[in-house]
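A.B. asks: Please read through the structure below; I'll follow up with questions.
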Amino acid sequence: MMMLTSDWLQQLPLPKITAITPVAGGDINQAYQLITVEGPVFLLVQPHTSAQFYHHEVAGLQALGQAVNVPDVLATGEIEGDAYLVLEFLETGHGSQYDLGQAVARVHRVTAPRFGFDTDNLVGKLPKHNQWQSDWTTFYLQQRLDPLVRRAQEQHLWTPQRQAAYDQVRQRIITENHGRFIQPALLHGDLWSGNYLFTQDGTPTLIDPDVLYGDREFDLAMTTIFGGFTSDFYRGYQDSYPLTPGYADRLPHYQLYYLLAHLNLFGETYGDAVDNVLARG
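All the letters of the sequence shown, read from the start, carry residue numbers -15 to 265 under the numbering used here.
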């Protein structure tokens, strides 16, 4: 983790900083809690990167903020060749999974005419292009699944058996989505348990988005892979925005994306999980 010098910190558009503490910020950003004379803030830094680095995250927080609580963006820019993002520091508490489900449903009721987003997410090891498409199946296959398969091939993580199974799954996705009405819904895009919190008054809050407009079932698929969402979450969601028939049957095709991403990032640790989904056809 880079050392933030006093000269660097003084260039932030913030009140006087009295303390700085490194915090866990994931595998992409360096993260800090700053204490200013007006209170704490949350600082993300990406060394040796232009301010453009945080453009997609800022756009995502602004989009989600139409429907759900998110941390306020206080400042973003570049200092001495390092990109930074300053966010509201949220004190966490406990809240209701039912309320969280209803909050996610509110997000999904924000819609667009097409699928995609105005900005791409080019940070990290798996860049994602969000070029607008009028057809969800085209977007999902060509801008999400196919690029991960190509990357797995390049990393020698893809076998002829996996390709044959993927070809079948790919065709089934085309067949199942043909004629199905899919509303372009605002999605968080990386909805696992590490990307939500409850504030001290119990307000559900979404953080660290990777937004796009897509099939809302795609967002919910992520919630089913790693845990952290209880039956109350799904009850709250369904009470607010009921899912369409066949949702459970389509879920594995969306789980596949996240499992392929983890196969690319972490190798054969996720190979069996990918194979199990592919085997379901």
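Glycine included, C-beta positions come from ideal geometry on N, C-alpha and C.
(1) Which parts of the segment 204 to 235 are runs of the alpha helix (DSSP H), unbroken and 4 residues or longer, counting only runs that do not cross its ends?
(2) Only counting the same chain, and skipping five residues up and downstream in sequence, which positions put a Cβ closer than 6 Å to that of D83?
(3) What three-state label does DSSP hand A51 in the structure shown?
(4) Count the CB pairs spanning the segment 97 to 108 and the segment 118 to 134 that are closer than 8 Å, and state whether there are at least three.
(5) If you follow the alpha helix (DSSP H) that Y82 is in, where does it begin and where does it stop?
(6) When the distance is taken between beta carbons, is R90 closer than 8 Å to A51?
(7) Here's a check: name, in chain order, each residue in its chain whose Cβ is nearer than 7 Å to the Cβ of Y238, leaving out the five neighbours to either side.
(8) Could you give the first and the last residue of the continuous alpha helix (DSSP H) run that contains T189?
(9) Taking contact to mean at least 3 C-beta pairs separated by less than 8 Å, is the segment 67 to 82 in contact with the segment 204 to 221?
(10) Quick one, are the C-beta atoms of V153 and G265 less than 8 Å apart?
(11) Who are F99's beta bridge partners in DSSP?
(12) Among residues of its own chain, excluding the 5 on either side of Q86, which ones have a beta-carbon nearer than 6 Å to its beta-carbon?
(13) Straight-line CA distance for Y150 to F250?
(14) Counting pairs of Cβ atoms below 8 Å between the segment 105 to 114 and the segment 65 to 76, do you hit three or more?
(15) Can you tell which of E64, D56, H32 has its C-alpha closest to the C-alpha of D274?
(16) Establish whether the CB of L28 and some CB of chain B are separated by less than 8 Å.
(17) Sort V133, G211, N161, T5 by Cα distance to A148 and report the nearest one.
(18) Cα separation between D66 and D192?
(19) Under DSSP, the alpha helix (DSSP H) around Q155 begins and ends at which residues?
(20) Along the chain, where does the alpha helix (DSSP H) containing D199 start, and where does it finish?
(21) Work out the CA separation of R164 and V25 for me, nearest whole Å.
(22) Return helix, strand or coil for P131, following the three-state DSSP convention.
(23) Taking only three categories from DSSP, how would you classify G61?
C.D. replies: With the structure as the only source:
(1) 215 to 224
(2) Numbered from 1 along the sequence shown, position 99 holds the residue referred to as residue 83. Closer than 6 Å at the Cβ level, and outside the excluded window around D83, lie P188.
(3) Taking the sequence shown and counting its residues from 1, the one referred to as residue 51 is at position 67. In the structure shown, A51 sits in coil (DSSP, three-state: anything other than H, G, I, E or B).
(4) yes
(5) On the sequence shown, residue 82 is found 98 positions in, with the first residue counted as 1. Residues 81 to 92.
(6) Position 67 of the sequence shown, counting from 1, holds the residue named residue 51. Position 106 of the sequence shown, counting from 1, holds the residue named residue 90. Closer than 8 Å, so yes.
(7) Indexing the sequence shown from 1 puts residue 238 at position 254. So the list reads E201, F202, A205, once near-sequence residues are dropped.
(8) Translated into the one-based positions of the sequence shown, residue 189 becomes position 205. T189 -> not in any alpha helix (DSSP H); beta strand (DSSP E) instead, spanning 188 to 190.
(9) yes
(10) Looking up residue 153 in the sequence shown gives position 169. Looking up residue 265 in the sequence shown gives position 281. Their beta carbons are under 8 Å apart, which means V153 touches G265 by this criterion.
(11) Within the sequence shown, numbered from 1, the residue matching residue 99 stands at position 115. According to DSSP, which records beta bridges pairwise, F99 is partnered with Q117.
(12) Residue mapping note: residue 86 aligns to position 102 of the sequence shown, counting from 1. So the qualifying residues of the chain are G220, S224.
(13) On the sequence shown, residue 150 is found 166 positions in, with the first residue counted as 1. On the sequence shown, residue 250 is found 266 positions in, with the first residue counted as 1. Answer to the nearest angstrom: the Cα atoms are 20 Å apart.
(14) no
(15) Summary: the structure shown does not reach residue 274, with the chain confined to residues -15 through 265, and so no result is reported for it.
(16) Annotation note: the requested chain B is absent from the structure, which comprises a single protein chain.
(17) On the sequence shown, position 164 is the one that residue 148 refers to. When only C-alpha atoms are compared, the closest one is V133.
(18) As a working mapping, residue 66 is identified with position 82 in the sequence shown. As a working mapping, residue 192 is identified with position 208 in the sequence shown. Roughly 19 Å between the two C-alpha positions.
(19) The residue given as residue 155 occupies position 171 in the sequence shown. From DSSP, the alpha helix (DSSP H) with Q155 extends over 144 to 161.
(20) Translated into the one-based positions of the sequence shown, residue 199 becomes position 215. It is not in any alpha helix (DSSP H) - D199 carries neither H nor E in the DSSP assignment.
(21) In the sequence shown, residue 25 corresponds to position 41, counting from 1. In the sequence shown, residue 164 corresponds to position 180, counting from 1. Computed Cα separation, rounded: 45 Å.
(22) Indexing the sequence shown from 1 puts residue 131 at position 147. Here P131 sits in helix by DSSP.
(23) Along the sequence shown, read from residue 1 onward, the residue named residue 61 stands at position 77. Correct three-state label for G61: strand.
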